[in-house]
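Residue numbers (the working numbering), protein chains in the order written: chain A, 1 to 394; chain B, 1001 to 1394. These notes are about the structure you will find just below.
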């Protein structure tokens, strides 16, 4: 008789976005004319830039011509894209070989799949609040999870401390959901900790393009010693609006060893067995992101979202509400001084603004609330005006 | 200290295609003017059809316009594509609900990832010779593998027998590498066996579009009782030339239970956690495969490959060489009456034809050899003429 993976029974259903949808539907049914501004979901809204769509359309046409048609290729990614990524990293003095970069379907996919390289018998350290994929993918594999608290005191940037135990460490900076960003010095402490404990850092850099402060690290490899202890996951989802276009990349340095084994070779084997590469059309679109025209367009889009975030940050400063993010991140994580869901209800009913209750991201998220900058300028301004109006009355 | 997944150490490096490449390079160095015809790799060569490339180019353009831009969507696939697949299955009287279909990046990805739903503690039954992904993805998870022999006696269609033990059963029909196809009666025996043993069949239908004999099943769900015991994996790689475009689909019937649990719900959870769906542009290309124009174009392409296979089959009949496939499949699997690699060397040196030694697909492949129909008509004819010339001399 077939036996299922019993770890799936330990997964908790996260009703976060389902509950938000339900509450929103109920509100709209009662208030059919209410104008609602959605600042809940972390999805981009500005379309792909012209260089990217042109490159994809051209590639689609090439696929219809015998001489330029592409079948199976190296599952690790086309050289043209890996070269573009090598150059992108060079701008930050991060030197990579093309073979250290693996093109994949997205950071979510790669982070979750990368865990297959590790034994179930590891202590996994995960910050709370957290992007749920880190938790669930480890629960599915039956790993012991140890949480490290983010809170107002540490600015939602938990740090290693005496007695902390960890074999696999998840770090996300700029952080989802809190928008907080580690400094170089802070990441150096994590890298040193990992080296000392022979642990591996899985670094999620999905929001790196939102960093505007030049002193903050975009890549873990800007930190001394990181090549020996860290894997980096990134994607074009937030950098270039690829949430529905799907392309990520994972950096596994050749000198990175775990338990004496090369993680680069193990990941190459895993991908070779279970992955046939990303569509040619999509890889050509991704290549266009790294052209001069592509970089200029993407920078303009990010600047637009950043402008929204700045308006939000000013609002909460003016209201004297504590928050992280709002700069170097599309997220604002604010202290709501009450139950997250009560705050959700209040914001919806009194301001018509939808956000995400922090408690949906873990126990340390209780009492906090996430708003996103992925909206139009007009809606962002309008939402902040409404929020000012309701909170000034307190 | 981080501990790796030790099962990776049990993986054997498959040097099959690397060795073929080496031998070919050496031959070409010694015979720089030799005309080589490659019939080794199972990759398509005819470009995507016009309806597909036009749909992808249009979708790329839509992604650049605010009103038609797509971000995150249901990771299970767009309704437009799932509806097209529901209709495609209806033609064979297979009735599916859209929620029973999961759009993914390819059959290889889905087959390998689907195994995550099962405990390591299962007996996995795999036919030999075999598509290496079945073996390696189970070895990575530390499962016990039991092989069932394909051979000349059973026409490389192994069948269940008294005393056979299995919890998870891999079946691939039309088969890669042998081209052999199970009849409805044979698949009925497997379905009955699975029901009796409360086992699950993982059915790989990647080559179903090559079936020309109307009595042969394209889908496992044409077999009575299969909805309760089988998952089906298919892809557009061979159906529509998507090897470099990447789109597959997996059918998990709602009534299918394993160990009392719904595999449909478990797979939805796995995909929801570890997969963000297939690119919009690619899904629009896939939708076009199922339009009238798309079906006509794809049928023409397959007819072309079938014509090649028929020429190959005639040749080996004429030479009185035993084989499977050649009809209902792009593969011919022939008995070489000697060591597979010796046959490879002979074919290369005397006819300039490259094929794949059967021993690369498992111990039962020794003494056999695979040739593929994914070539031009001219090359196929030329290769068969050369083969006739060398073997008539024996």
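Just so it is clear, CB atoms sit at the ideal spot from N, CA and C, and this is done for glycine as well.
Endpoints, the beta strand (DSSP E) within which residue 127 of chain A is located
As a working mapping, residue 127 of chain A is identified with position 127 in the first chain. Note, residue 127 of chain A: beta strand (DSSP E), 123–128.
Sequence-distant residues of the same chain with beta carbon closer than 8 Å to residue 394 of chain A, five excluded per side:
Position 394 of the first chain, counted from the start, is the residue given in the question as residue 394 of chain A. Summary for residue 394 of chain A: the model assigns pLDDT 47, below 50, so the residue's position carries little reliability; its value from the coordinates is reported in the next sentence. Answer for residue 394 of chain A: no residue qualifies.
Since residue 1069 of chain B meets chain A, which of its residues come closer than 9 Å, beta carbon to beta carbon?
Locating residue 1069 of chain B in the second chain gives position 69, where the first residue counts as 1. Simply 44, 45, 46, 47, 48, 241 and 244.
So the candidates are A:64, A:335 and A:363; which of them puts its Cα closest to the Cα of residue 131 of chain A?
Sequence index remark: in the first chain, residue 131 of chain A carries index 131 (1-based). Closest option to residue 131 of chain A, Cα to Cα, is A:363.
Quick check: is the beta carbon of residue 1122 of chain B nearer than 7 Å to any beta carbon in chain A?
For the purposes of this step, residue 1122 of chain B is taken as the residue at position 122 of the second chain. Yes, residue 1122 of chain B counts as interfacial toward chain A.
For residue 1066 of chain B, count the other beta carbons within 10 Å of its own beta carbon; 16 or more makes it buried, fewer makes it exposed. Which is it?
Translated into the one-based positions of the second chain, residue 1066 of chain B becomes position 66. With fewer than 16 other Cβ atoms within 10 Å, it is exposed.
For residue 384 of chain A, does the count of other Cβ atoms within 10 angstroms reach 16, so buried, or fall short, so exposed?
One-based indexing of the first chain puts residue 384 of chain A at position 384. Residue 384 of chain A is buried by the Cβ-count criterion.
Quick one: what does DSSP say residue 1026 of chain B is sitting in, helix, strand or coil?
As a first step, residue 1026 of chain B is located in the second chain; it is residue number 26 there, counting from the start. In the structure shown, residue 1026 of chain B sits in a helix (DSSP, three-state: H, G or I).
Mind checking who residue 997 of chain B pairs with in its DSSP beta bridge?
Residue 997 of chain B lies beyond the residue range present for chain B, which begins at 1001 and ends at 1394; the question has no answer from this structure.
Ends of the alpha helix (DSSP H) at residue 193 of chain A?
Translated into positions along the first chain, residue 193 of chain A becomes position 193. That run of the alpha helix (DSSP H) goes 184–197.
Output yes if chain B places a C-beta closer than 7 Å to the C-beta of residue 378 of chain A; else output no.
To locate residue 378 of chain A, count along the first chain from 1; it is residue 378. Judged by the 7 Å Cβ criterion, residue 378 of chain A is not in contact with chain B.
How long is the line joining the alpha carbons of residue 187 of chain A and residue 268 of chain A, rounded to whole angstroms?
Here residue 187 of chain A refers to the residue found at position 187 of the first chain. Here residue 268 of chain A refers to the residue found at position 268 of the first chain. Taking the straight line joining both Cα atoms gives about 27 Å.
Below 7 Å between beta carbons is the criterion; list the residues of the segment 1057–1088 of chain B that meet it against any residue of chain A, in chain order.
1057, 1060, 1061, 1063, 1064, 1065, 1066, 1069, 1070, 1071, 1072 and 1073
Which same chain residues end up closer than 8 Å to residue 1398 of chain B when comparing Cβ atoms and leaving out the 5 residues on each side of it in sequence?
As displayed, chain B neither begins before 1001 nor continues past 1394, which places residue 1398 of chain B out of reach and without an answer.
Check the C-beta distance from residue 354 of chain A over to residue 38 of chain A and give it rounded, since I have them as a contact under 8 Å.
Along the first chain, one-based indexing puts residue 354 of chain A at 354. Along the first chain, one-based indexing puts residue 38 of chain A at 38. Residue 354 of chain A to residue 38 of chain A, Cβ: 5 Å. Contact.
Counterpart residues of residue 251 of chain A in DSSP-defined beta bridges
If you number the first chain from 1, residue 251 of chain A lands on position 251. DSSP output for residue 251 of chain A lists A:101 and A:232 as bridge partner(s).
Between residue 109 of chain A and residue 1276 of chain B, how many whole angstroms is the CB-CB distance? I'm expecting something under 8 Å.
On the first chain, residue 109 of chain A is found 109 positions in, with the first residue counted as 1. On the second chain, residue 1276 of chain B is found 276 positions in, with the first residue counted as 1. Going by Cβ atoms, the distance from residue 109 of chain A to residue 1276 of chain B rounds to 7 Å, so yes, they are a contact pair.
Return the residue from the list A:377, A:194, A:337 and A:387 that minimises the CA-CA distance to residue 359 of chain A.
Numbered from its first residue, the first chain carries residue 359 of chain A at position 359. Ranking A:377, A:194, A:337 and A:387 by Cα distance to residue 359 of chain A puts A:337 first.
Residue 1101 of chain B touches chain A at which residues, Cβ-Cβ below 7 Å?
As a first step, residue 1101 of chain B must be located in the second chain, where it is residue number 101. Neighbours of residue 1101 of chain B on chain A: none; closest Cβ ~19 Å, over 7 Å.
Do you know how far the Cα of residue 1211 of chain B is from the Cα of residue 1119 of chain B?
The sequence position of residue 1119 of chain B within the second chain is 119, counting from 1. The sequence position of residue 1211 of chain B within the second chain is 211, counting from 1. Computed Cα separation, rounded: 34 Å.
So, is residue 203 of chain A buried or exposed, given that buried needs 16 or more other C-beta atoms within 10 angstroms?
Locating residue 203 of chain A in the first chain gives position 203, where the first residue counts as 1. With 16 or more other Cβ atoms within 10 Å, it is buried.
Mind checking residue 215 of chain A: buried by the 16 CB within 10 Å criterion, or exposed?
Working through the first chain from its first residue, we reach residue 215 of chain A at position 215. Looking at its Cβ environment, which holds fewer than 16 other Cβ atoms inside 10 Å, residue 215 of chain A is exposed.
Span of the beta strand (DSSP E) around residue 1294 of chain B
For this step, residue 1294 of chain B is matched to residue 294 along the second chain. It is not in any beta strand (DSSP E) - residue 1294 of chain B instead sits in the alpha helix (DSSP H) that spans 1292–1318.
So, does the CB of residue 112 of chain A fall closer than 7 Å to a CB anywhere in chain B?
Counting from one through the first chain, the residue named residue 112 of chain A turns up at place 112. True, the Cβ-Cβ gap to chain B drops below 7 Å.
Taking DSSP as the reference, what is the three-state secondary structure of residue 163 of chain A?
Within the first chain, numbered from 1, the residue matching residue 163 of chain A stands at position 163. Residue 163 of chain A: coil per DSSP, three-state reduction.
Which first and last residues belong to the alpha helix (DSSP H) in which residue 1138 of chain B is found?
Residue numbering aside, residue 1138 of chain B sits at position 138 when the second chain is read from its first letter. Taken as a continuous stretch (DSSP letters only), the alpha helix (DSSP H) holding residue 1138 of chain B covers 1132–1140.
Which residues, taken in chain order from the segment 165–186 of chain A, show a beta carbon closer than 7 Å to some beta carbon of chain B?
167 and 168
Buried or exposed: which applies to residue 1213 of chain B, given that a residue is buried once 16 or more other Cβ atoms fall within 10 Å of its Cβ?
Looking up residue 1213 of chain B in the second chain gives position 213. Under this definition residue 1213 of chain B is an exposed residue.
For the ligand GTP, is there a heavy atom less than 6 Å away from the beta-carbon of residue 1154 of chain B?
Looking for the ligand GTP in the displayed structure turns up nothing, as the structure carries no ligands at all.
Residues of the segment 1185–1210 of chain B whose Cβ lies closer than 8 Å to any Cβ of chain A, in chain order
1197, 1198, 1199 and 1200
On the criterion of 16 or more Cβ atoms from any shown chain inside 10 Å, does residue 1217 of chain B qualify as buried, or is it exposed?
As a position in the second chain, residue 1217 of chain B is number 217, starting the count at 1. Buried: at least 16 other Cβ atoms inside 10 Å.
Using a beta-carbon distance cut-off of less than 9 Å, what residues from the segment 272–291 of chain A approach chain B?
272, 273, 274, 275, 276, 277, 278, 279, 280, 281, 282 and 285
Is residue 1283 of chain B closer than 7 Å to residue 1048 of chain B when the C-beta atoms are compared?
Taking the first residue of the second chain as 1, we reach residue 1048 of chain B at position 48. Taking the first residue of the second chain as 1, we reach residue 1283 of chain B at position 283. The answer is no: Cβ separation not under 7 Å.
Taking the alpha carbon of residue 1078 of chain B as the point to measure from, which residue in B:1281, B:1252 and B:1296 has its own alpha carbon closest?
Residue 1078 of chain B sits at position 78 when you count from the first residue of the second chain. If we check each option's Cα against that of residue 1078 of chain B, B:1281 comes out closest.
If you drop the 5 nearest sequence neighbours on each side, which residues of the same chain put their C-beta closer than 7 Å to that of residue 115 of chain A?
Walking along the first chain from the start, residue 115 of chain A turns up at place 115. Same-chain partners within the cutoff: 137, 138 and 141.
Step through the CB atoms of chain C and report whether any lies within less than 7 Å of the CB of residue 106 of chain A.
Any reference to chain C falls outside this structure, whose protein chains are A and B.
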